[in-house]
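Undergrad:
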Amino acid sequence: AQSVTQLDSQVPVFEEAPVELRCNYSSSVSVYLFWYVQYPNQGLQLLLKYLSGSTLVKGINGFEAEFNKSQTSFHLRKPSVHISDTAEYFCAVTGGGADGLTFGKGTHLIIQP
Amino acid sequence: DAGITQSPRHKVTETGTPVTLRCHQTENHRYMYWYRQDPGHGLRLIHYSYGVKDTDKGEVSDGYSVSRSKTEDFLLTLESATSSQTSVYFCAISESLGTSSSYEQYFGPGTRLTVT
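Chains as they are written, first to last, in the working numbering: chain A, 1 to 113; chain B, 114 to 229.
(1) Which chain B residues are close to A:Gly-106, counting only those with a beta carbon under 7 Å from its beta carbon?
(2) Could you check where the beta strand (DSSP E) with A:Tyr-39 kicks off and where it finishes?
(3) At a CB-CB cut-off below 9 Å, which residues of chain A make contact with B:Gln-138?
(4) In chain order, what residues of the same chain have a beta carbon less than 8 Å from the beta carbon of B:Thr-168, not counting five sequence neighbours either side?
(5) Cβ of A:Thr-72 less than 8 Å from any chain B Cβ?
(6) Rounded to whole angstroms, how far is the Cβ of B:Arg-143 from the Cβ of B:Gly-164, which I believe are closer than 8 Å?
(7) Within 10 angstroms of the Cβ of B:Arg-157, are there 16 or more other Cβ atoms? Answer buried if so, exposed if not.
(8) Whose C-beta lies closer than 8 Å to the C-beta of B:Glu-127 among residues of the same chain, with five residues either side of it excluded?
(9) Look up B:Asn-141 in the DSSP assignment and say whether it is helix, strand or coil.
(10) State the Cα-Cα distance for the pair B:Phe-220 and A:Leu-44, rounded to the nearest angstrom.
(11) Could you give the distance in angstroms between the alpha-carbon of B:Lys-183 and the alpha-carbon of A:Ala-1?
(12) Are there 16 or more other CB atoms within 10 angstroms of the CB of B:Ser-200, so buried, or fewer, so exposed?
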């Protein structure tokens with residue numbers, strides 16, 4: 001079984017500043033990791049994923065994340081945020097079976113002008 | 114959005130009544146999932162399906178049942194709705210394991226269910 005911890009429920013940041021959203025996971029098997037974004041009153045959209053290979057993965061909208069196996073982390077970063085990045089961000093993990101993703105509780109990114 | 118629709122999009126029902134939510138996909142993906150989203154809990158898996166008539170329980174399956182008689186449809190039924198089942202329900206789909214898009218899930222727009 002896997003679990004995901006998103007350490008911050010809310011992250012306020014000023015527009016054009018950098019941001020990091022933290023995600024740690026636990027698993028007894030190899031994992032595949034994802035970040036999803038949810039804009040208000042919408043479904044979830046995939047930002048990026050790590051399946052294998054390079055530990056630095058780039059996604060849509062200028063986001064990137066780094067897989068760190070020794071620290072069991074998959075933190076999401078963006079060098080300069082915009083008002084349009086205001087949303088809920090979810091980290092998720094799977095061990096590769098058919099039984100779906102395990103999600104963190106989400107981090108609300110609040111962009112301040 | 115991937116070809117996933119959910120119906121109804123909004124529903125208000127009374128405690129004790131049966132409710133069925135429908136998820137329909139046009140992608141011919143093998144795997145389908147039902148999640149519920151509640152503040153402070155993220156998304157939690159209710160049930161999933163790995164093929165027609167093949168389903169299994171997730172983390173929060175009590176009070177819910179599912180059926181999948183066709184590849185494209187996955188139904189979630191609350192046999193007797195309770196106020197604790199007030200939530201936003203999301204359907205998701207995934208391709209077969211072992212493909213380049215393995216494990217990635219595509220989500221529907223959600224159904225907001227209120228049980229009064």
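Each residue gets a CB set at the ideal place from its N, CA and C atoms; glycine is no exception.
TA: Taking the structure as given:
(1) In the first sequence, residue 106 of chain A corresponds to position 106, counting from 1. Residues of chain B passing the Cβ test: Gly-155.
(2) Start at 1 with the first residue of the first sequence, and residue 39 of chain A comes out as number 39. Where A:Tyr-39 is concerned, there is no enclosing beta strand (DSSP E), given that its DSSP letter is neither H nor E.
(3) Walking along the second sequence from the start, residue 138 of chain B turns up at place 25. What B:Gln-138 touches in chain A: nothing, since even the nearest Cβ is about 13 Å away.
(4) Here residue 168 of chain B refers to the residue found at position 55 when the second sequence is read from its first residue. Here the set comprises His-160, Tyr-161, Ser-162, Val-179, Ser-180 and Arg-181.
(5) To locate residue 72 of chain A, count along the first sequence from 1; it is residue 72. False, the Cβ-Cβ gap to chain B never drops below 8 Å.
(6) The residue labelled residue 143 of chain B in the question sits at position 30 within the second sequence. The residue labelled residue 164 of chain B in the question sits at position 51 within the second sequence. About 6 Å; that satisfies the 8 Å criterion.
(7) Walking along the second sequence from the start, residue 157 of chain B turns up at place 44. With 16 or more Cβ atoms within 10 Å of its Cβ, B:Arg-157 is classed as buried.
(8) On the second sequence, position 14 is the one that residue 127 of chain B refers to. Result list for B:Glu-127: Ala-194, Val-228 and Thr-229, in chain order.
(9) For this step, residue 141 of chain B is matched to residue 28 along the second sequence. It is coil, neither helix nor strand.
(10) In the second sequence, residue 220 of chain B corresponds to position 107, counting from 1. In the first sequence, residue 44 of chain A corresponds to position 44, counting from 1. Distance between the alpha carbons of B:Phe-220 and A:Leu-44 is about 6 Å.
(11) Working through the second sequence from its first residue, we reach residue 183 of chain B at position 70. Working through the first sequence from its first residue, we reach residue 1 of chain A at position 1. If I take the Cα positions, the gap works out to 29 Å.
(12) Numbered from its first residue, the second sequence carries residue 200 of chain B at position 87. When all chains shown are included, B:Ser-200 counts as buried.
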